[in-house]
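Protein sequence lines, in the order shown, are assigned to chains A and B. Going by the numbering used here, the first residue of the first sequence is number 1, and it counts up by one from there. Going by the numbering used here, the first residue of the second sequence is number 1001, and it counts up by one from there. In this text, a Cβ means the ideal position worked out from N, Cα and C, and glycines have one as well.
Protein chains: 2
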Amino acid sequence: MSSYHSLLAKVHELDDLNKAAALLSWDREVNMPRAGAPERIAQMTTLSSLIHRLSTSDEMGELIESAAAELDGAPYDSNEAALIRLLRRTYADARKLPPDYVARSAAVSGQAREAWVRARAEDDFAHFQPWLEQIVRLCQEMADYYGYEDERYDALLDKYETNMKTAEVRAIFEAVKAELVPLREAIDRSPVALDDALTHQPYDVDRQKAFARTIATAIGYDLERGHLGTVIHPFATSFSRNDARITTRWYPDFLNPSLFGTLHECGHAMYEQGTHADLARTPLARGTSLGIHESQSRMMENIVGRSRGFWQAHFPTLQRHFPEALGHSTAEDFYRAINKTQPSFIRVEADELTYNFHIILRFELEQALLNGDLAVADLPAAWNDKMRGLLGITPPNDREGCLQDVHWSRPSFGYFPTYALGNLYAAQFYETAVAQNPTIAEEMAQGRTDALVAWLRENIHQHGKKFTPGELVVRVTGQPLSHAAFMRYAWAKFGDLYSLA
Amino acid sequence: MSSYHSLLAKVHELDDLNKAAALLSWDREVNMPRAGAPERIAQMTTLSSLIHRLSTSDEMGELIESAAAELDGAPYDSNEAALIRLLRRTYADARKLPPDYVARSAAVSGQAREAWVRARAEDDFAHFQPWLEQIVRLCQEMADYYGYEDERYDALLDKYETNMKTAEVRAIFEAVKAELVPLREAIDRSPVALDDALTHQPYDVDRQKAFARTIATAIGYDLERGHLGTVIHPFATSFSRNDARITTRWYPDFLNPSLFGTLHECGHAMYEQGTHADLARTPLARGTSLGIHESQSRMMENIVGRSRGFWQAHFPTLQRHFPEALGHSTAEDFYRAINKTQPSFIRVEADELTYNFHIILRFELEQALLNGDLAVADLPAAWNDKMRGLLGITPPNDREGCLQDVHWSRPSFGYFPTYALGNLYAAQFYETAVAQNPTIAEEMAQGRTDALVAWLRENIHQHGKKFTPGELVVRVTGQPLSHAAFMRYAWAKFGDLYSLA
């Protein structure tokens, strides 16, 4: 057996074990009784330690290198070369973190999460502060273990958005701010006021579930190779391209979470359903990066799911599911209701436009904390300052301010920016797709996504994690990521909705 | 760290991995889209190979022996001594099967299952025959690898019912036959005819689900430490004593499968919920044997769930769930409907009495096949002969005869007898329980099981797999397993129902 085939056999086994670990995690959210948590944590810990041991062994390193030598000269975009690149990177990264650090980080995160839950519930930042200080130190240590050339934040961002630099994100976000603040202000001044009361009415949960399956299928999510589960905090996960699952939550008096949550998670799951079969049982059968993954979910949630064409096509079906709530409304009423934009305090409830401000704020604060320019004790004030500057509003308390997200109870600085990058990638991909195939826009005007999904499959999904996000976006759109397509999209859509000049 | 503690750490890890493997399997039945099967099989194969490698390593053997030496003199019924006994046994057994045999067996079973599915669907025994011949040879090989003193079948039976001998089971089953055939004949001659039409009516599936949860809780299954899922072939499984799950199937026009299936699986799950917390993350936190496990499920399904007291208590609630179907019936009508007994072809549909004949038949045929006294080609005829002898009926075809069970598509001879042993253990345990605590019978007459479950927890559940079934039954009832308690139970119950002299 060649070295590459020996390596592939190991990679398959490790991937199988990773999928078993993912199932332990999925099941915890979807099925497990709460009482089962302690043993489940033990099971997850055992399996992830085992995976870490196997994937960072000296033997694994040697196997990667001898396979690499054997494959020398393989085309850059071959599966083999891509796998070697990815394995080299993840192997090197995994060995940079000392076991002591990994254990300490897990222990602190566990306790910090408890502290965060209580601090948020009681609106008591002081209770969380010492834990956040430890988290910041863990982030600093991690960055130093990983190493970086330009800025410390680069080392962390790289783990979610391979090879992307902080300076690059900063420049893009500055450009977004420069155009998005005026757009927000123009909307503020507009005499048009959109009303979202339609979405806040009683909506029978069973019928929400039925409708969610209908639109999931309509946009191209294959339920025969998927599964829809119920959870409190929705997510998507896949055990193979033939078993890529979504989860949703259901509110009896608010339609948006199930509707747009489902479309969002479908976007993620469709990405993994679309990875090429040849990549199965390898870490290449994944999305390229969090940002690119988010581009797929945001595209389905917003560009598709909050479009006029989509609701002209699907509103009659929605109406049949909820005749009491929607019997006297039109597709246009509904389209306007779901596109109301206004500054708000909570990121996960923010609309398509203002969402980006929430991310930019976190991106800036994370850097300040990481670089020591901002003391944790001063975070609440800094948060509120930025909220005023970006959104023109001041949170009434820290619960609706800097205590709102779970993310900072883990050393996961660098994660937040990928959410907004997803919006920007999505717009740039979509603009390219429509330029390359006008049928996409024609279908979209009729609420159909066949041509769009085919384009995504061909240009993005099938490649899985073969390319870095930077490589992929240039490959697909001909240029690096910029804010421009998103701003064109935003001005066109909201200019129309709010009758801007 | 002492050797015992080193061993325990390994045992915990292996148990965690076994639970992850069990989850892959549970999820396949409950949630997985069919399309996900190939990758899921790969995941299961990888994990079980890994578990096999770790649990049969030389290092593991040395660790067991050095811990055993260290613990020399520990009381027989201590957790430590029990764990060493169990590990020695399973370690030795696992090393007896050559890897080549294990791989061959898995491969043949996979194909034999496909062949069986088709053979049963098409009622074509000839299609299955060559595969069953291979299965018989695999059973013979396995018995020879494991080794035995008296008869070949002992080696296989031992894997499901530790230390029990074929001769013992044979003697007990002969005694059952000697008394059960006359009882069946007396019932045949009785002028009383029970009518089960009540159970065959439209029953709304959602209401079946609600009622299943109600009675599951009523008999003592803790849903806060469990989960009820929907499957085609029901089973119970546990990921810890705090996460012991059941599954049920729902027929829209037949109540029994959900009702008695749920009670049955609850009995299994309650056993594992009741194992002592000190046994957590070890293979001791399991039922002792398949037979003892089945005694718990059969007790809940039949002794509790088909009793007059139970339905006098719960029929009004059932009636409220299904006013159309049951509005004009009484608890006594229902009690009689669910206790109709008559010979039938299909084991899984058989009633509480005739079920045992189905098992005895299989037990006898398995031995004949294993010992070479019966050629596979002659199985259909032999099957039908025994059906006539035991039940007085002849299957119209092999689909309702020797092709009905999936079990023989795997080398699992020795498994079937544990089903009937479960009935016998259950009756013997129950008779002892009532003798030791008369409150149990008083509560049962009112449809309550608190005292019974407390007795089971104390005498059976908490011990998990610390004792062999033979040890446990003597410990609990003062004597070895016999047919006597079951026959007393059967004559009393069915003598009353059928007005026998």
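For G1422/B, the enclosing alpha helix (DSSP H) starts and ends at P1417 to Q1436. The Cβ-Cβ distance between F1128/B and A1121/B does not fall below 8 Å. Residue range D243 to T248 is occupied by the beta strand (DSSP E) that includes D243/A, with no alpha helix (DSSP H) assigned at that position. DSSP places L132/A in no beta strand (DSSP E) but in the uninterrupted alpha helix (DSSP H) bounded by F125 to Y146. The beta carbon of A67/A sits closer than 7 Å to those of S3, Y4, L7 and I84, all from its chain and outside the five residues before and after it, given in chain order. Closer than 8 Å to the CB of P33/A there is at least one CB belonging to chain B. Rounded to the nearest angstrom, the gap between the Cα atoms of S482/A and N163/A is 16 Å. Between I1338/B and T1199/B the beta-carbon gap is near 6 Å, inside 8 Å, which marks them as a contact. For the stretch 35-52 of chain A, the set of positions with a beta-carbon nearer than 9 Å to some beta-carbon of chain B reads A35, G36, A37, P38, E39, R40, A42, Q43, M44, T45, T46, L47, S49 and L50 in chain order. In the DSSP assignment, G226/A forms a beta bridge with A244/A. Considering only T1288/B, L1132/B and E1366/B, the residue with the shortest C-alpha distance to L1086/B is T1288/B. With 16 or more other Cβ atoms inside 10 Å of its own Cβ, P1411/B counts as buried. The beta-carbon of L1259/B is placed no less than 8 Å from the nearest beta-carbon of chain A. In this structure, DSSP gives Y498/A a state outside helix and strand, which the three-state scheme calls coil. By the neighbour-count criterion, in which a residue is buried when 16 or more other Cβ atoms sit within 10 angstroms of its Cβ, I135/A is buried. The criterion of a C-beta distance shorter than 8 Å is not satisfied by I346/A and F173/A.
Look at the beta carbons and you see the stretch 389-403 of chain A not touching the stretch 447-460 of chain A: under three pairs across the two are nearer than 8 Å. One thing to note: Q1446/B has its Cβ within 8 Å of the Cβ of G1309/B.
F1239, S1240, N1242 and D1243: these are the residues of the stretch 1237-1267 of chain B whose beta carbon lies less than 7 Å from some beta carbon of chain A, given in chain order. By the Cβ rule, the stretch 1258-1267 of chain B counts as touching the stretch 1282-1297 of chain B, because three or more pairs are nearer than 8 Å. Between the alpha carbons of A490/A and L353/A lies a distance of about 7 Å.
Residue contact with chain A for L1500/B: absent (no Cβ-Cβ distance below 8 Å to any residue of chain A). Where A1082/B is concerned, the enclosing alpha helix (DSSP H) starts and stops at N1079 to K1096. What K1019/B touches in chain A, judged by beta-carbon distance under 8 Å, is E39 and Q43, going in chain order. Separation of the CB atoms of G1036/B and D15/A is rounded to 14 Å, and the pair is thereby denied contact status at 8 Å. Take W383/A, set aside five residues on each side of it, and the residues of its chain with a beta-carbon closer than 6 Å to its own are G401 and C402, in chain order. Taking a Cβ-Cβ cut-off of 7 Å, the neighbours of A280/A in chain B comprise E1039, given in sequence order. Here the stretch 273-281 of chain A makes no contact with the stretch 254-263 of chain A; the two share fewer than three CB pairs at distances below 8 Å. At least one C-beta of chain A is nearer than 8 Å to the C-beta of R1225/B. If you draw a straight line from the Cα of D77/A to the Cα of K466/A, it comes to about 7 Å.
Contact between the stretch 1220-1236 of chain B and the stretch 1174-1193 of chain B is not established, with fewer than three Cβ pairs separated by less than 8 Å. DSSP places Y1221/B outside both helix and strand once states are collapsed to three, so it counts as coil. Secondary structure of T1237/B (DSSP, three-state): strand. Listed in chain order, the non-local C-beta contacts of A1350/B below 6 Å within the same chain comprise S1344 and H1358, local neighbours out to five positions each way being set aside. For F357/A, the secondary structure class from DSSP, reduced to helix, strand or coil, is helix.
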